[in-house]
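Take a look at the structure below.
In this note's numbering, the protein residues as written are -13 to 302.
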């Protein structure tokens, strides 16, 4: 296959690139060839763009014999990249918004003009499309929310419009936080627990929807390969977990006590609107993936944690 990944030098793009090592991967990136963050495998081609406008990159894509799939992963981090989550200033919110919307609109212009459209276009989105703190779990058929992140996800998804005569399948991937031991948010929970600072926050009953990083690429590959796959898909493990239960498992695996409690008011004072990431409940079910019999490698959080810790023997 020939696959284009916009924003392909990030964490998720790198996962896909390594997964598709037997295919031709084209990465759209703002990075210049002489300033790439890591050496790239031979099966990867770089095309430079500014992430906002059409230009030479459109001509380079149009010159390719065919494109099987385009995947749009562009967007700056919502929760920060370090140990401490970042507060959302108006400037930060604008960066979060523009980094998604401008790049998506540029891709949409190319999609409308190209004479050889891809078989599949995958538009990244997030589970914050849905309202938080619902009484029941949400699925792909649930209505949208009204928060900043919900409106962001809705605008993000609307940027891509498939031309009426095109046979391109549009897939929207509403992705949960991807859990990896060296990346937020799991990084923050693991290190605080390891340093005897394990804590629950807020009500401690809020649900966390999540996805093991090794399940991401196989899901994307399945969606590309399945000719019936189209529309919105929730990319998350089938078992959301309450915060208190999640931290209990983290403590058991790391053999550390979870003995601290941080009131929600403290988190809201420290993070402002961004406190939603820690305090609000997101109980999201990947109903369409389950209906289509996708086989998750890590459907349960305990098995994922044992994998992260290197304890494969008890990861069931």
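Cβ coordinates follow ideal geometry from the N, Cα and C atoms, glycine included.
Contact set for residue i: own chain, Cβ-Cβ below 6 angstroms, skip 5 residues either direction
i: residue 270; result: 113, 124, 195, 220, 222
i: residue 263; result: 65
i: residue 117; result: 131
i: residue 227; result: 194, 287
i: residue 5; result: 203
Cutoff 7 angstroms; reference residue i; Cβ partners in own chain excluding five residues on either side
i: residue 95; result: 40
i: residue 167; result: 173, 176, 294
i: residue 259; result: 74, 134
i: residue 267; result: 118, 119, 192, 193
i: residue 62; result: 81, 82, 85
i: residue 235; result: 287, 288, 291
i: residue 145; result: 87, 90, 91, 94
Supposed contact pair residue j and residue i - C-beta distance, whole angstroms, cut 8 angstroms
i: residue 110; j: residue 161; result: 6 angstroms
i: residue 0; j: residue 11; result: Not a contact, Cβ separation roughly 10 angstroms.
i: residue -2; j: residue 164; result: 7 angstroms
i: residue 184; j: residue 254; result: So it is not a contact: roughly 21 angstroms between Cβ atoms.
i: residue 190; j: residue 229; result: 5 angstroms
Neighbourhood of residue i by C-beta, 8 angstroms cutoff - its chain only, sequence neighbours within 5 removed
i: residue 8; result: 29
i: residue 70; result: 174
i: residue 20; result: Any reading at residue 20 must be qualified, since the residue scores a pLDDT of 49, below 50, and its modelled position is unreliable; the value itself is stated next. Hits under 8 angstroms: none found.
Proximity below 7 angstroms, CB of residue i to CB of residue j
i: residue 57; j: residue -9; result: yes
i: residue 179; j: residue 247; result: no
i: residue -7; j: residue 97; result: no
i: residue 33; j: residue 14; result: yes
i: residue 272; j: residue 225; result: no
i: residue 126; j: residue 215; result: no
i: residue 188; j: residue 250; result: yes
i: residue -11; j: residue 55; result: yes
i: residue 282; j: residue 201; result: yes
Checklist entry - Counting pairs of beta carbons, one from the stretch 97 to 107 and one from the stretch 166 to 183, are three or more of them closer than 8 angstroms? => result no
Checklist entry - Can at least three beta-carbon pairs, one atom from the stretch 138 to 158 and one from the stretch 83 to 90, be found at a separation below 8 angstroms? => result yes
Item to check | the stretch 150 to 165 / the stretch 274 to 283 touching (three or more Cβ pairs under 8 angstroms) | outcome: no
Next on the checklist: If we require 4 or more residues per run, which alpha helix (DSSP H) segments fall completely within the stretch 100 to 158?
Outcome noted: 134 to 144
Checklist entry - Residue ranges of each beta strand (DSSP E) run of no fewer than 3 residues wholly in the stretch 202 to 279, ordered along the chain? => result 217 to 221, 244 to 248
Item to check | Unbroken stretches of the alpha helix (DSSP H), 4 residues or longer, contained in the stretch 156 to 182 | outcome: 172 to 180
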